[in-house]
């Protein structure tokens, strides 16, 4: 009787279910979107800590003039690996992790559309990261900056294998990113539960869909210029070789065609988080959802046409400078729509300042500042003055920490109960928020002033007597405050997992489908595939006398 | 519930392969742009007008293979396995002819004309763009042959009609890219 074999085998599997090896096997071999999502987030946090420690080393080196905490060579490696890690090994797994974990739950699906591709994407990302970091074991650490400008990256100026590690690590991780983007588009288009029309799709999923499409459009340019660089380096092609007519600006153009929209790829998931957290904690549906979707699509289209604002100082024509400056300022309009709509969502709402909402508010203020300095830098003559100074460093850290990291913390505190079934401590959360907020501003506000005074980027030290000492010292002390904030976050997560009170299915009284299942959700997500009739299906369930679908 | 019964969404495989095609199209676009930007920028010979011959026969072969793969799909839809195998084999043969012709062309350029990827800017952009496309043709051929082997081993290929459709979309894309590469390299670039 051949058929007996199957139950016997699975019974054997069940017996050893709790052995470490078996648990490990189930995580490694999994195609479950929630496990993969969590693995992305865990790897992201690990790389965040590593990369954060590099930033600490950079700030120690710059705390006082003529410091010799690290050598110039090490300093180059530090800012290169810090930037590369933050963008490709922290930012990108955040996009994939949030999208993976939440998108299927929010659209009432049991998994992503292409689960095996999903697993491939995760392992490609992790392998790319390990490949990049294996450079430390062979002593060939990348030191060309995260943007890898040619001709600095060509064999003439970068002999040895360090740049090859950088190119290959990022390229392989990029394959993972593209796979997960294909998956998110296929999932949101093909896996929505009955009744979940595009109009009713949660704002979070909408933004992740546009984000995935943006990834599909901008990661190939990165791959293209990296392939060209590999051809140059390994088999002697001439793409970036001016002696035979090649043009090093080709690298800058193609790289920034990727590199500028990349910051939108990174910030979109935060827009997505904001669009869920702000309504739930203001007890109001999001203000102007069609305008919000429209704004994100407009940012997508303008975003791919502004890249040369990173290149004002290379000497493009006046016409190009004007075009790219204008296009860059235009981004302010849809972004403004989003900021105003979040504010309008709060207006007149019954706001609960729980930890996620605190971080969301922090995001709103700091991202606004980042946007304003962005408009300043979009003005070409202003940029000529401040390009390659700490003003730019201050500007983009306001977007990526003041914006991205604050928004990410809002998201983590918001969905932590769903993923683990436990609540974090509100007290620790508040403390984390305020200390991190203070530390962040102490670190990055002075950078703007140091930049105005001429503090150059990517230079390992500076001379005393130019008014730079105070600002740099304040910046460095700010890092110490931030570390306390991050430690409080770690303690809070551990405390939440260990002793946190039970969350229940729906601790925030929210309206999207992920809160309709248990916390943590079972492998199949929903016992019965839900059928929705409005944009807030849980509201309909909780208020059968006043359902949303009556007004749609 | 009527909502659940009437609920129809696009096939996930279709969406997935279309997204792959979108992302690949951008990749090719970058190499095409690099080719066009570097047209006439070579400071040393050999130049394209002196050494490139228009590959008419292999182009016709590749474009025809788009037709034969449609005929193969059609045969599979009607359950005619014999015809399916025939047209599928024809597709592989036409694709293989294209690759052989590319191989011969490169051999000629390298051995007789002494043009390699390192020689000059033209060599760099030519081999990378045409090579990128040839790589895609080879990947396509590998998948086409996998299907062929599966049918010869009497694997139930009719159940895989959906996946065969996806493969054919990829193949059409590779052909369409060739139209662009052909125009840029052999017509505009010469």
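Protein chains in written order, with the numbering used here: chain A, 278 to 829; chain B, -4 to 185.
We treat Cβ as the ideally placed atom computed from N, Cα and C, and that holds for glycine.
Original post:
Under 8 Å, do residue 346 of chain A and residue 428 of chain A count as touching if we go by C-beta distance?
Top reply: no
**OP:** Measure the C-alpha to C-alpha separation of residue 805 of chain A and residue 387 of chain A and round it to an integer number of angstroms.
**Re:** 10 Å
**OP:** Assuming residue 456 of chain A contacts residue 394 of chain A (C-beta within less than 8 Å), just tell me the rounded distance between them.
**Re:** 5 Å
Original post:
At least one CB of chain B closer than 8 Å to the CB of residue 827 of chain A: is that the case?
Top reply: no
Subject >> Near-chain B residues of the region 383 to 416 of chain A (beta-carbon distance less than 7 Å), N- to C-terminal order >> reply: 390, 391
Original post:
Three or more C-beta pairs closer than 8 Å, one from the region 328 to 339 of chain A and one from the region 356 to 375 of chain A: is that the case here?
Top reply: yes
Original post:
Name the chain A residues whose beta carbon is nearer than 9 Å to that of residue 11 of chain B?
Top reply: 390, 391, 394, 459, 460, 462, 463, 467
Original post:
Are the beta-carbon atoms of residue 417 of chain A and residue 437 of chain A separated by less than 8 Å?
Top reply: yes
Original post:
What alpha helix (DSSP H) runs, 4 residues minimum, are completely inside the region 659 to 720 of chain A?
Top reply: 667 to 674, 683 to 697
**OP:** Compile a chain-ordered list of the residues in the region 489 to 519 of chain A whose CB is closer than 9 Å to at least one CB of chain B.
**Re:** 489, 490, 492, 493, 494, 495, 496, 497, 498, 500, 501, 502, 504, 505, 508, 509, 512, 513, 514, 515, 516, 518
Original post:
For residue 44 of chain B, which three-state DSSP category applies?
Top reply: helix
Original post:
If we call anything under 8 Å between Cβ atoms a contact, is residue 71 of chain B one with residue 159 of chain B?
Top reply: yes
**OP:** Ignoring anything shorter than 3 residues or poking outside the region 295 to 374 of chain A, list the beta strand (DSSP E) runs there in chain order.
**Re:** none
Subject >> Residue-chain proximity (residue 626 of chain A, chain B), Cβ-Cβ < 8 Å >> reply: no
**OP:** Check the Cβ-Cβ distances between residue 6 of chain B and every residue of chain E, and say whether any is below 8 Å.
**Re:** The chain labelled as chain E is not found among the protein chains of the depicted structure, namely A and B.
Subject >> DSSP-derived helix/strand/coil call for residue 9 of chain B >> reply: helix
Original post:
So, are the CB atoms of residue 569 of chain A and residue 480 of chain A less than 8 Å apart?
Top reply: yes
**OP:** Could you tell me the distance, in whole angstroms, from the CA atom of residue 824 of chain A to the CA atom of residue 818 of chain A?
**Re:** 8 Å
Subject >> Helix, strand or coil at residue 779 of chain A [DSSP, three-state] >> reply: strand
Subject >> Collapsed DSSP secondary structure at residue 633 of chain A in the structure displayed >> reply: helix
Subject >> C-beta neighbour in chain B for residue 455 of chain A, strict 8 Å >> reply: yes
Subject >> Where residue 824 of chain A falls: helix, strand or coil (DSSP) >> reply: coil
**OP:** Return the chain-ordered list of same chain residues with a C-beta closer than 7 Å to the C-beta of residue 709 of chain A, the five sequence neighbours on each side being excluded.
**Re:** 762, 765, 766, 769
Original post:
Around the C-beta of residue 576 of chain A, are 16 or more other C-beta atoms found within 10 angstroms, so that it is buried, or is it exposed?
Top reply: buried
Original post:
Using the beta-carbon of each residue, which ones in chain A are nearer than 7 Å to residue -1 of chain B?
Top reply: 471, 808
Subject >> residue 591 of chain A classed as buried or exposed, judged by whether at least 16 other C-beta atoms fall within 10 angstroms >> reply: exposed
Subject >> Under the three-state DSSP convention, the category residue 538 of chain A falls into >> reply: helix
Subject >> Burial state of residue 279 of chain A, where buried means 16 or more other Cβ atoms lie within 10 Å >> reply: Reliability of the predicted coordinates at residue 279 of chain A is poor, the pLDDT of 39 falling under 50, and the value obtained from them is presented with this limitation in mind. With fewer than 16 Cβ atoms within 10 Å of its Cβ, residue 279 of chain A is classed as exposed.
Original post:
Whose C-alpha, out of A:589, A:725, A:377, A:601, is nearest the C-alpha of residue 465 of chain A?
Top reply: A:377
**OP:** Would you check if the region 650 to 667 of chain A and the region 729 to 745 of chain A touch, i.e. whether three or more CB-CB distances between them fall below 8 Å?
**Re:** yes
Subject >> Boundaries of the alpha helix (DSSP H) in which residue 599 of chain A is found, first to last residue >> reply: 595 to 607
Subject >> Separation of residue 632 of chain A from residue 707 of chain A, as counted between CA atoms >> reply: 6 Å
**OP:** Report the partner residues of residue 733 of chain A according to the DSSP bridge assignment.
**Re:** A:666
**OP:** For residue 289 of chain A, decide whether its Cβ has a neighbour in chain B, counting only Cβ atoms nearer than 8 Å.
**Re:** Note that residue 289 of chain A has pLDDT 45, beneath the 50 cutoff, so the model's placement of it is unreliable and no number is given.
Original post:
When Cβ atoms are compared, which residues of the region 104 to 129 of chain B fall closer than 7 Å to chain A?
Top reply: 112, 113, 115, 116, 119, 123
Original post:
When the cut-off is 8 Å and only beta carbons count, does residue 337 of chain A lie next to chain B?
Top reply: no
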